[in-house]
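Asker:
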Amino acid sequence: MDRDAILAASKKHDIVPGRVYKYGTAGFRMNADLLDGVTFRVGLLSALRSRKLNGQTIGVMITASHNPAVDNGVKIVDPMGDMLEQEWEVHATNLVNAPSHEELVDYFYKLADSLKIDLTSPGKVIAGRDTRPSGKTLVTALADSLAATNTAYTDFKILTTPQLHYLTRCINTAGTPGSYGEVSEVGYYKKLVEAFYRALHGRRVSGKLNVDCANGVGGPKLTELLKHHDSSKTGLEVRVANDDVLRPEVLNLDCGADFVKTRQRAPASPKPAPGERWCSLDGDADRLIYYWIDPDTGFFMLDGDRIATLAASFIADLIRTAGLEGQLRIGLIQTAYANGSSTKYVEQHLQIPVVCTPTGVKHLHHAACSYDIGVYFEANGHGTVLFSQDALQVFKTKEPQSPAQKDALDTLSALGDLINQTVGDAISDMLMVEVILAHKGWSLRDWAMTYQDLPNRLVRVEVGNKDLFRTTDAERKLSHPEHCQDEIDKVVKKYTNARSFARASGTENACRVYAEAATRSEADELANKVAAIVKAYGG
Ligand code: 16G
Ligand code: MG
1 MDRDAILAAS KKHDIVPGRV YKYGTAGFRM NADLLDGVTF RVGLLSALRS RKLNGQTIGV
61 MITASHNPAV DNGVKIVDPM GDMLEQEWEV HATNLVNAPS HEELVDYFYK LADSLKIDLT
121 SPGKVIAGRD TRPSGKTLVT ALADSLAATN TAYTDFKILT TPQLHYLTRC INTAGTPGSY
181 GEVSEVGYYK KLVEAFYRAL HGRRVSGKLN VDCANGVGGP KLTELLKHHD SSKTGLEVRV
241 ANDDVLRPEV LNLDCGADFV KTRQRAPASP KPAPGERWCS LDGDADRLIY YWIDPDTGFF
301 MLDGDRIATL AASFIADLIR TAGLEGQLRI GLIQTAYANG SSTKYVEQHL QIPVVCTPTG
361 VKHLHHAACS YDIGVYFEAN GHGTVLFSQD ALQVFKTKEP QSPAQKDALD TLSALGDLIN
421 QTVGDAISDM LMVEVILAHK GWSLRDWAMT YQDLPNRLVR VEVGNKDLFR TTDAERKLSH
481 PEHCQDEIDK VVKKYTNARS FARASGTENA CRVYAEAATR SEADELANKV AAIVKAYGG
């Protein structure tokens with residue numbers, strides 16, 4: 001590696017001065033104009049990361065998910081397709097904040113030295129990006145840093161975020177017993193479709209599914225997947241909606257999973273007709289929300305909590321039928337945003353333990369790994385089901401004692417292939433939901449009947465200094481500012497079945513307040529009161 005080459009390359013990709021950059025829950029995410037130098041530096045870090053991990057391939061994804069089209073973002077994917085290890089987030093933050101090109105290169109070598117990285121060893125990085133036009137230029141910045149550090153580099157061009165995670169894991173497991181799949185986009189489609197056929201196990205999907213793709217990368221990719229799918233075999237007919245990726249300004253505009261979840265209404269267009277089955281993906285296709293318009297009661301949403309409870313109940317039943325109860329541990333991971341009714345339903349009705357973690361996929365994913373079957377979903381629709389190697393092995397090798405056991409074992413094994421094991425994947429999750437509904441013979445309304453959500457409200461509060469707010473107990477309580485939590489507790493006590501918490505956002509300069517209570521008006525009132533407390537303490 002040549003210091004001068006890195007320095008010269010860096011000088012082509014300035015960092016915008018006077019800003020503090022932080023590798024947060026979603027990597028670096030901001031207005032795309034600020035990201036050229038940031039992306040170059042993320043390239044430097046991925047070059048180091050790959051070498052630190054004996055030349056395994058590192059993924060870099062360029063996306064700003066559900067943010068407006070003018071934003072973009074960049075994040076690093078570890079070899080098994082999971083998020084960058086947390087200790088390295090600090091290194092990413094430090095590298096990106098180096099004030100000058102010289103100091104950047106100094107820090108790069110210092111980091112390599114302190115982490116005992118052999119810079120002469122080979123490194124490998126792959127990249128993907130969503131449909132944002134700015135992604136194309138940012139990829140150039142990434143390519144420049146990888147060239148300057150002699151790092152092998154493959155640009156997989158436009159992908160969903162989960163596809164990039166899939167490819168990263170495939171490359172690093174190729175030729176081993178744990179091989180995750182064919183290293184190509186087509187390999188991803190074939191794996192999912194084949195597992196979908198197997199998981200249905202002769203059942204058929206009933207009713208057309210309309211998919212709002214947020215005018216993001218999920219649109220063209222879902223269309224590709226459907227080319228590999230024979231609907232006469234499954235009954236699944238999909239109408240792909242909001243798949244305009246040629247007009248960047250419509251990305252995530254009045255549509256997509258984030259819009260549907262936060263506004264609690266259907267996309268502005270096309271208007272879902274009463275009774276139609278709908279779901280929405282977000283801009284990079286790692287979140288999924290289902291809904292329909294009821295002719296009598298109007299819009300009804302099935303969010304991440306609902307997907308989690310559906311998956312957990314189905315898989316727990318299969319485990320029982322397969323005669324594996326007691327042998328495999330199943331757990332459900334949520335955040336404080338999960339509706340209290342869903343938690344109660346899982347603990348009391350399904351008798352499955354629930355763990356609460358702080359917000360952010362990495363926390364949930366990590367907690368899910370400690371179960372044989374770890375179901376994790378954020379209420380916003382991001383999540384997946386992780387199976388341990390032991391579990392996957394048992395599904396394949398256990399000798400069935402009856403046709404019903406064989407059916408259950410085959411279905412479990414197929415789910416292991418269908419459900420993305422690296423990260424939440426809207427397309428894979430959608431196929432999983434369709435499989436479960438087909439097995440249960442359920443409509444969206446049947447699914448919705450399992451429990452009743454507590455009315456809830458989320459409020460964004462602008463404060464002088466959001467860093468004053470520090471949390472404990474998986475974000476369910478504030479430790480700072482002092483006395484703020486006491487005031488919140490006092491208010492919550494006045495309402496029935498109520499719960500409320502406040503936390504600083506990890507992606508925006510604001511605090512968020514969540515409140516739920518027995519009635520709509522109580523939930524609204526409580527949210528507003530807690531928001532007022534937060535505002536008063538907010539500096
Ligand atoms: C990021 C997280 C998401 C979380 C959200 C919270 C990842 C990949 N994404 O989008 O999981 O729900 O941030 O945002 O971890 P907030 O901190 O602004 O409320
Ligand atoms: Mg997303």
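Mapped onto full-length UniProt numbering, the consecutive letters of the sequence shown carry residue numbers 1 to 539. Heads up, the beta-carbon is just placed ideally off N, CA and C, and yes, glycines get one too. Just so you know, these numbers come straight off a predicted model, no measurement behind them.
(1) Just checking my contact of Thr93 with Lys22 at CB under 8 Å: how many whole Å lie between their CB atoms?
(2) Taking 7 Å as the cut-off, does the CB of Glu516 come closer than this to any heavy atom belonging to the ligand ATP?
(3) Does the separation of the CB atoms of Gly381 and Arg460 fall below 8 Å?
(4) Work out the CA separation of Gln86 and Asp113 for me, nearest whole Å.
(5) At a threshold of 7 Å, does His66 count as lining the ligand MG (C-beta to nearest heavy atom)?
(6) Please list, in chain order, all residues of the same chain as Glu487 whose beta carbon is under 6 Å from its beta carbon, the five residues on each side excluded.
(7) Put His439 into one of helix, strand or coil per three-state DSSP.
(8) Relative to the C-alpha of Cys170, which residue among Lys261, Gln56, Ala143 and Asp230 is closest?
(9) Straight-line CA distance for Ile333 to Val375?
(10) Is it the case that the CB of Gly161 approaches a heavy atom of the ligand MG more closely than 7 Å?
(11) Within the present structure, is the beta-carbon of Ala26 separated from the nearest heavy atom of the ligand 16G by less than 7 Å?
(12) Would the C-beta of Arg132 count as close to the ligand MG, meaning under 7 Å from any of its heavy atoms?
(13) Per DSSP, what kind of secondary structure is Ile171 in: helix, strand or coil?
(14) So, are the CB atoms of Asn497 and Lys466 less than 8 Å apart?
(15) Could you please give me the residues that DSSP links to Asp294 through a beta bridge?
(16) Which ranges would you report for the beta strand (DSSP E) in the UniProt domain "Phosphoacetylglucosamine mutase AMG1" (199 to 288) if only whole runs of at least 3 residues count?
(17) Am I right that Gly123 and Ser50 are in contact with their C-beta atoms under 8 Å? What's the rounded C-beta distance?
(18) Using the Cβ count rule (16 or more neighbours within 10 Å means buried), how would you classify Asp425?
(19) Any idea which residues DSSP pairs Cys484 with across the strands?
(20) Near Arg3, which residues of its chain fall below 8 Å by C-beta distance, leaving aside the five closest residues on each side in sequence?
(21) Does the Cβ-Cβ distance between Leu236 and Val193 come in under 8 Å?
(22) For residue 545, which residues in the same chain have their Cβ closer than 7 Å to its Cβ, ignoring the five residues on either side in sequence?
(23) Should Gly283 be listed as close to the ligand MG, given that the test is whether its C-beta is under 7 Å from any heavy atom?
(24) How would you write the range of the alpha helix (DSSP H) that residue 569 sits in, first residue to last?
(25) Looking at the ligand 16G, does it come within less than 7 Å of Arg445, judged from the CB to the closest heavy atom?
(26) With DSSP as the reference, please indicate the residues paired to Gly27 in a beta bridge.
(27) Quick one, which of Pro162, Gly81 and Asn54 has its alpha-carbon nearest Ala119's?
(28) Give me the residue from Ile76, Leu45, Ile330 and Tyr188 with the minimum Cα distance to residue 544.
(29) Can the beta-carbon of Ser428 be found less than 8 Å from the beta-carbon of Ile436?
(30) In three-state terms, what does DSSP make of Gly374?
(31) Buried or exposed for Ala312, going by 16 or more other Cβ atoms inside 10 Å?
(32) Assuming contact is defined by CB atoms lying nearer than 8 Å, are Gln452 and Gly323 in contact in what I supplied?
(33) What residue does the alpha helix (DSSP H) around Ala92 start on, and which one ends it?
(34) Do you know offhand how far Ser443's Cα is from Arg457's?
(35) Could you compute how far the alpha carbon of Arg29 sits from the alpha carbon of His66?
(36) Hey, how far is the Cα of Lys494 from the Cα of Glu482?
Answerer: On the basis of the coordinates in this document:
(1) 5 Å
(2) This structure lacks the ligand ATP; its bound ligands are the ligand 16G and the ligand MG.
(3) no
(4) Looking at the two C-alpha atoms, the distance is approximately 19 Å.
(5) Placement of the Cβ of His66 at a distance of less than 7 Å from at least one heavy atom of the ligand MG is found.
(6) Ile533
(7) helix
(8) Gln56
(9) Their backbone Cα atoms lie some 6 Å apart in a straight line.
(10) Sequence inspection shows Thr at residue 161; the Gly mentioned does not correspond to that position. Yes, the Cβ of Thr161 comes within 7 Å of a heavy atom of the ligand MG.
(11) yes
(12) no
(13) helix
(14) no
(15) Gly298
(16) 209 to 212, 238 to 241 and 277 to 281
(17) 4 Å
(18) Burial call: buried.
(19) Note: Cys484 sits in no beta bridge, so no partner.
(20) Only residues of its own chain outside the window of five on either side were considered, and among them Val105 and Tyr109 have a CB closer than 8 Å to the CB of Arg3, listed in chain order.
(21) no
(22) Residue 545 is absent from the model: the chain starts at 1 and stops at 539.
(23) yes
(24) Here the chain covers residues 1 to 539 and nothing more, so residue 569 does not appear.
(25) no
(26) Gly24 and Thr25
(27) Reading off the sequence shown, one finds Leu at residue 119, where the question assumed Ala. Minimum Cα distance to Leu119 is reached at Asn54.
(28) No information on residue 544 is available, as it lies outside the stretch 1 to 539 that the chain covers here.
(29) Taking 8 Å as the cut-off, the beta carbon of Ser428 is found no closer than this to the beta carbon of Ile436.
(30) Annotated three-state conformation of Gly374 is strand, per DSSP.
(31) buried
(32) no
(33) Gln86 to Val96
(34) 27 Å
(35) 11 Å
(36) 21 Å
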